[in-house]
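From first to last, the protein sequence lines are chains A and B.
Residue numbering for the first sequence follows my numbering, beginning at 1 and increasing consecutively.
Residue numbering for the second sequence follows my numbering, beginning at 1 and increasing consecutively.
Ideal Cβ placement from N, Cα and C applies to all residues, glycine included.
It should be emphasised that the depicted structure is a prediction, and the values quoted were computed from it without experimental measurement.
2 protein chains.
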Amino acid sequence: MARSSSSGSDKPASGDTGDVRRASTRSTGSVTLGDVAKLAGVSPITVSRVLNRPEMVTADTIEAVRRAIAETGYVPNLLAGGLASSRTKLIAAIIPTLGNAMFIDTIQPLNDCLSAAGYQLMLGLSGFPELCEEDLLKAILSRRPDAIVLTGVNHSAETRQCLLAAKIPVVETWDLTATPIDMLVGFSHEKVGAEVANYLFGKGYRRFAQVCAEDERAQIRRRSFEAALRDKGQSCLSTVCVPTPTTVRMGREGLAQLLAEGHRPEVVFCSSDVLAHGVLAEAQSRGLRVPDDMAVMGFADLDFAAYTFPSLSTVHVDRAAMGRHAGEVLLARLSGRPVDKKMVDIGFSIVARASA
Amino acid sequence: MARSSSSGSDKPASGDTGDVRRASTRSTGSVTLGDVAKLAGVSPITVSRVLNRPEMVTADTIEAVRRAIAETGYVPNLLAGGLASSRTKLIAAIIPTLGNAMFIDTIQPLNDCLSAAGYQLMLGLSGFPELCEEDLLKAILSRRPDAIVLTGVNHSAETRQCLLAAKIPVVETWDLTATPIDMLVGFSHEKVGAEVANYLFGKGYRRFAQVCAEDERAQIRRRSFEAALRDKGQSCLSTVCVPTPTTVRMGREGLAQLLAEGHRPEVVFCSSDVLAHGVLAEAQSRGLRVPDDMAVMGFADLDFAAYTFPSLSTVHVDRAAMGRHAGEVLLARLSGRPVDKKMVDIGFSIVARASA
DNA sequence: ATGAAAGCGCTAACAG
DNA sequence: CTGTTAGCGCTTTCAT
């Protein structure tokens, strides 16, 4: 079967044993470039070109090779290709968890953007404890991705070192810093906390409480919120902290705890819409009127919350734009195009709905 | 003339000067096994052993090598390793979308399980249209994963062909079939539809409606639900179908549409808790009492729904167990251990809460 | 436009 | 226990 198919007369194994397919010492059994080349009657490199740079090959050759590829069911080996070329078409992204729709909303457009350009996205889950981010990173770097997307800007010295040594484009997301490793697209959590404080103070609220995730960026918003209150001579009655990843249940329990401790806040600022959702559910089940008895402010503007509690006031963050933008700067860099803005603040906005 | 850049004579390397560290034509610059070996004063293969089979090496050697690794910041190249050994420590999983918490709940324990065993999970998103599953699969197979986890059991002939040709362990999940490709862990969507029909009929409901995702498995549940109703001489008033991935919003709109069409169902069976959540939100905003005016049945038993609408009746599916189990059978197979059950029905149960 | 030779960095298979 | 040799399958470089 595996003979030149060029012109008809296909003699059955005509004696000469010259190129009998000798099993090499450790063949993997799968079809290789060489097999396709033999079938198509060309050299391996030509098959490679058909796949990677078809403009260098004549239409006839392409046709013959395509046929051979289809006939053999050849699937390229990107381990070999990546090893030889130092380009893997692989891009890694590290996020804390799959359990948080916030990050997913960023990853999805990133993935779309990259796969449209022929890259594959590999996800790494750091789990919120930033403890072993370095190990994860090494595991990821050992696959030699062409670039990497990080969540957050607070990395250990070792992590930065690894990243620098890898000499690949890096995009940090979900935060801002004056000293990015490479490129950056995020927004200011400090500003969020401060502006929310201003907003709520401006609405006349004076008894504040929080339900806040034990997450680095959530804590930044929290502290900034408290600081801004202090500037106004106010303070936060109480803050309930809950472990990550957060759930609606924790929001419910958070409010339950605040009330059990005897607090009667006029408004509760939650570190995410998931928690705010839980707080609203709990308030509702207790017959509290929102915002008259108690107002609620969330963060992120998640769909499911907005469609369950349309009154939820929140902070809108364009997560999809963040993902898209991260993909775009990466692709620009990888294709040698100039990257206009290495640092981008995508901003945020307070969405005032009936709950606060 | 083009050759002018060549340093040194054209003559064949006449002679000797052999061991000058001649920069290889295309070095990638990063630290290699060889560099570590040189520093540690051992051979490359010994470094490899320290990393992969330390039990074959003396403690002293390990120590020396470890030091050299730390000193150089060496990060193994798994492209090269995988190419040489035909084992990549990479396992792929294909799911329809990241936007559905159902699948995430399966993937998370799968990931935990695999990474604890030193494997890395690579996610592939097929998007619900099973159209180009084959292209995605080829892109994934080109990274030579050691095994693959699929969502669903309905694959094209080409897909099955690719999978067979790859000769790697395969686990299909989220469904049952008499003819799995290899291993299987799922449950019967047919049974779900039928049992829900029985349950609701038994509770005395007679006017049924559905809000159902345009998803293969959801449609199986739907048809089975309708068939079971027919067996009882009943029928479904109306079914609103919504595109995937589904959202809470679609659930709201689904109920709105049912009511706008003039239907007054006694009970609405939704193809997921996300949709049921939306239906409940819409019902609530219209002042409908649940279950007195209208009952609601969901599917999957998602946390966020249960904690927002604790009364939501639903079908419980142990998604985490499915993921864990998939990981376990895979690891068993990969380590040569016998796999006790190649096909596992993890079952489901109807959770009767106050909403139905 | 196509091909030949030489690796990419690592590990399997054998020595010693 | 450690080293030597020979590839894994592909792409680069340089030649034709």
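Inclusion of T46 of chain A and T32 of chain A in the CB contact set at 8 Å is not warranted, their separation being larger than that value.
Within the same chain, and ignoring the five residues on either side of T106 of chain A in sequence, the residues whose Cβ sits closer than 6 Å to its Cβ are R319, M322 and G323.
The continuous beta strand (DSSP E) containing T314 of chain A extends over residues T314 to H316. Contact annotation: N111 of chain B and S142 of chain A have beta-carbon atoms that are not nearer than 8 Å. With at least 16 other beta carbons inside 10 angstroms of its own, N100 of chain A counts as buried. Residues of the segment 116–149 of chain B with a C-beta atom less than 7 Å from some C-beta of chain A are Q120, M122, L123, L125, K138, A139, L141, S142, R143 and R144, listed in chain order. DSSP places V211 of chain B inside the beta strand (DSSP E), whose first and last residues are F208 to A213. Identification of residues in the segment 65–76 of chain B having a C-beta nearer than 9 Å to some C-beta of chain A yields G73, V75 and P76, given in sequence order.
Counting C-beta pairs closer than 8 Å gives three or more between the segment 214–222 of chain A and the segment 235–246 of chain A, which meets the contact rule. Residue range P44 to N52 is occupied by the alpha helix (DSSP H) that includes I45 of chain A.
In this structure, the CA atom of S311 of chain B is about 39 Å from the CA atom of L331 of chain B.
Using beta-carbon distances, H155 of chain B does not count as an interface residue toward chain A, since no partner is under 8 Å. Here the C-alpha atom of L229 of chain A lies approximately 13 Å from the C-alpha atom of S238 of chain A. A contact between stretches requires three or more CB pairs, one per stretch, nearer than 8 Å, and the segment 154–166 of chain B fails this requirement with the segment 149–159 of chain A. V50 of chain B is outside the set of residues whose beta carbon lies under 8 Å from a beta carbon in chain A. With a cutoff of 8 Å on beta-carbon distance, V274 of chain A and L255 of chain A are scored as not near each other.
Residues of chain A with a Cβ closer than 9 Å to the Cβ of A281 of chain B are, in chain order, Y307, T308, F309 and P310.
Check the Cα spacing between H316 of chain B and each of B:D293, B:D301 and B:A326: the tightest is with B:D301.
Of the candidates A:R87, A:D345 and A:A157, the residue whose Cα lies closest to the Cα of L334 of chain A is A:R87. Between the alpha carbons of D292 of chain B and A197 of chain B lies a distance of about 19 Å. Counting along the chain, V339 of chain A sits inside no beta strand (DSSP E), nor does DSSP assign it H or E at all.
By the Cβ-count criterion, A84 of chain A is exposed, with fewer than 16 other Cβ atoms from all chains shown falling within 10 Å of its own Cβ.
Taking V36 of chain B as reference, the option from B:R67, B:G29 and B:V339 with the minimal CA-CA separation is B:R67.
For the options A:T72, A:G347, A:E134 and A:A116, the alpha carbon positioned closest to that of K89 of chain A is the one of A:A116. At a Cβ-Cβ threshold of 8 Å, A356 of chain A and K203 of chain A count as neighbours. For a Cβ distance threshold of 9 Å, residue set D303, F304, A305, A306, Y307 and T308 of chain A lies close to V248 of chain B, ordered along the chain. Contact note: I104 of chain A reaches chain B through L98 and G99, using a C-beta cutoff of 7 Å and chain order. C-alpha of A64 of chain A to C-alpha of R53 of chain A: approximately 15 Å in a straight line. Using a CB distance cut-off of 8 Å, R319 of chain A does not count as an interface residue toward chain B.
For a cut-off of 8 Å, the C-beta gap from Y205 of chain A to I350 of chain A is around 14 Å, too long to register as a contact.
Distance from V192 of chain A to R221 of chain A at the Cβ level is roughly 5 Å; contact confirmed, criterion being Cβ atoms closer than 8 Å. Residues of the same chain with a CB within less than 8 Å of the CB of R144 of chain A, apart from the 5 flanking positions on each side, are G82, S86, T88 and L90 in chain order. In this chain, F348 of chain B is not harboured by any alpha helix (DSSP H), its DSSP state being neither H nor E.
Assigned with DSSP and collapsed to three states, T239 of chain A falls in strand. Looking from the CA of M250 of chain A, the closest CA among B:P265, B:A281 and B:T308 belongs to B:T308. Apart from the 5 residues on each side of it in sequence, D175 of chain A sits with its Cβ closer than 7 Å to the Cβ of G152, V153, G186, H189 and R217 in its chain, given in chain order.
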